[in-house]
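Its first residue numbered 850, the sequence shown is counted upward by one per residue in this note's numbering.
This report concerns only the one structure given below.
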Amino acid sequence: MINGIIILFSGIGAIAILLASIGMLRMPDLYLRLSVTTKAATLGVGMILLSAALFFQNVGVTSRVLAIIFFITVTAPVSAQLIGRAAYLIKTKMWQHTIIDELDGMYNSTTNTLHSIEPPDEDAPIIEK
């Protein structure tokens with residue numbers, strides 16, 4: 850039974866990493882590549898590490914695996930966001946079919962700060978579609 854679960858987890862992990870590598874080749878710009886590879890690779894590595902923890906069935910290995918999964922889950926999206934922001938700030942071109950650029954006009958190059966949109970006024974009416 851445990852061998853079947855190990856095979857399932859490692860198979861899901863391998864497929865997720867395969868999808869991440871296909872996404873690297875298929876996506877048209879850096880921002881979409883970052884999105885695809887971060888999600889798929891985090892899932893893939895996490896599943897393979899879970900299968901390793903199940904295979905060894907040792908408290909030391911399992912605790913290390915859980916620590917590594919936590920570390921990857923926390924750091925991979927943050928690092929991808931920082932890479933994406935750096936690419937945006939050096940004006941890496943977006944795909945021509947990108948519809949919305951929410952950061953357009955929000956970066957002040959003299960102070961090197963990125964501003965968010967103004968919060969709506971509390972007395973403003975709520976518009977429902």
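C-beta atoms are modelled at their ideal positions from N, C-alpha and C, and glycine is treated no differently.
- N957 is bridged by DSSP to T962.
- The Cβ atoms of K942 and D878 lie closer than 8 Å to each other.
- DSSP, read as helix, strand or coil, puts N852 in helix.
- In summary, A890 is buried, with 16 or more beta-carbon neighbours lying within 10 Å of its beta-carbon over all protein chains present.
- Spanning the alpha carbons of I897 and V914 requires a straight line of approximately 10 Å.
- Restricting attention to T887, T959, N907, P968, the CA atom closest to the CA of A929 is found in T887.
- M876: not part of any alpha helix (DSSP H); DSSP gives it neither H nor E.
- L883 is a Cβ neighbour of I932, given a cutoff of 8 Å.
- Its Cα nearest to that of T959, the residue L938 stands out among I966, E951, L938, L881.
- According to the DSSP assignment, L952 belongs to no alpha helix (DSSP H), since it is labelled neither H nor E.
- Looking from the CA of I949, the closest CA among Y880, F905, G872, E971 belongs to Y880.
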